[in-house]
Structures are given as C-alpha cells and as structure tokens.
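One structure below.
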Amino acid sequence: MRNSILFFLVLVSCKPTLKRNYESNCILYGKPEYILYIEKNNQFRIISFMNDTIEGEWSLDRNKLTLKSDSFIDSESFNIQTDSIFFNSKYTSNDGYEEYVLKNKKLFLILKEGVYDKCFYY
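Residues in the sequence shown are numbered from 2 upward in steps of one, following my numbering.
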C-alpha cells in the first residue's frame with residue numbers, strides 16, 4: 002500500500018509545469034525575437050523585439066501549449082503587395098492560434114510540417 006501511494010505521488014508530480022516567462026533564443030538587433038509571459042489566470046503576453054504586444058489565452062494539454070489570440074494572423078493569407086505590416090500582430094502557420102511542445106523546459110513551435118527547433122523559447 003505504501004509503495005502504491007509513493008508511485009501515485011511520483012506519477013502526479015511528473016506533469017509538465019510552465020515557467021512564468023520564456024525568451025526566444027533567436028536574437029534580432031541584440032534582443033530576443035519574442036518574450037512570452039505566462040499568467041496564472043490562463044492569460045499570456047508576447048512582446049516582440051519591436052515592443053509590439055500580443056495578448057490572449059493559453060491552455061496546456063499534457064506537454065502541448067496552445068496560445069489563442071486574434072493577433073495571430075495566418076501567414077499564407079498575407080499578401081505583401083496589398084497588406085501592410087500590422088502592429089501588435091504575429092504571422093503564424095495557423096489562423097488565431099499557435100501551438101508549442103514543451104520539452105526540457107523549452108517551448109518548440111509546432112508547424113503544419115512538424116516541430117520547428119531552430120528558434121525556441123527557453
């Protein structure tokens with residue numbers, strides 16, 4: 002019985018936990034490309050190297066973090082000849098959300114082609 006309780010406690014404590022903030026390892030003009038702030042009330046903020054801010058809601062399912070915001074714009078719908086660069090927006094492969102996989106306390110972006118590991122949050 003004692004071993005069962007110990008096993009249960011170890012199993013419960015192994016779920017992934019989020020840090021309060023993450024920085025991109027990609028540096029632009031001497032600053033991280035993005036800084037992600039995770040709030041306890043399931044809200045998040047992303048601040049870009051140009052000081053644009055994106056806000057929205059996050060959810061965590063096992064090791065997959067989903068960020069939802071109206072400021073995430075599908076990059077395939079962007080036309081450089083007719084669209085300007087919008088402030089407080091981020092072009093993604095999904096319209097309205099981004100997904101990340103949490104591995105070793107790092108966040109890796111999930112694209113339609115798979116996990117992108119060149120730029121990540123740590």
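No residue lacks a Cβ here, since even glycine has one placed at the ideal position from N, Cα and C.
Rounded separation between K106 and Y122 - CA only: Residue mapping note: residue 106 aligns to position 105 of the sequence shown, counting from 1. Residue mapping note: residue 122 aligns to position 121 of the sequence shown, counting from 1. If I take the Cα positions, the gap works out to 9 Å.
C-alpha distance - L61 paired with T67, whole-angstrom precision: Counting from 1 along the sequence shown, the entry for residue 61 is found at position 60. Counting from 1 along the sequence shown, the entry for residue 67 is found at position 66. In a straight line, the C-alpha of L61 is about 6 Å away from that of T67.
Assuming T18 is part of the beta strand (DSSP E), what are its boundary residues? Your numbering for residue 18 matches position 17 in the sequence shown. Taken as a continuous stretch (DSSP letters only), T18 belongs to no beta strand (DSSP E), as it is neither H nor E.
If you run the structure through DSSP and keep just helix, strand and coil, what is F50? Within the sequence shown, the letter at position 49 stands for residue 50. Residue state, collapsed to three classes: coil.
In whole angstroms, what separates the C-alpha of S72 from that of Y98? Mapped onto the sequence shown, residue 72 falls at position 71. Mapped onto the sequence shown, residue 98 falls at position 97. Those two C-alpha atoms are separated by around 9 Å.
Closest to F50 by C-alpha separation, out of K32, T93, L103 and Y101, would be which residue? Sequence index remark: in the sequence shown, residue 50 carries index 49 (1-based). Taking only the C-alpha atoms, the option nearest F50 is K32.
L110 beta carbon less than 7 Å from that of Y117: The count along the sequence shown starts at 1 and reaches residue 117 at position 116. The count along the sequence shown starts at 1 and reaches residue 110 at position 109. Yes, the pair counts as a contact, with Cβ atoms nearer than the cut-off.
Cβ atoms of I39 and I47: under 7 Å apart, would you say? Along the sequence shown, one-based indexing puts residue 47 at 46. Along the sequence shown, one-based indexing puts residue 39 at 38. Cβ distance not < 7 Å, so I47 and I39 don't count as in contact.
My output table needs one value for C1: the three-state DSSP class, helix, strand or coil. Outside the displayed range of the chain (2 to 123) lies residue 1, so it cannot be described from this structure.
How would you call L37, buried or exposed, if buried means at least 16 neighbouring beta carbons within 10 angstroms? Working through the sequence shown from its first residue, we reach residue 37 at position 36. With 16 or more Cβ atoms within 10 Å of its Cβ, L37 is classed as buried.
Measuring alpha carbon to alpha carbon, tell me which of D96, N22 and C120 ends up nearest S70. As a position in the sequence shown, residue 70 is number 69, starting the count at 1. Closest by alpha carbon: D96.
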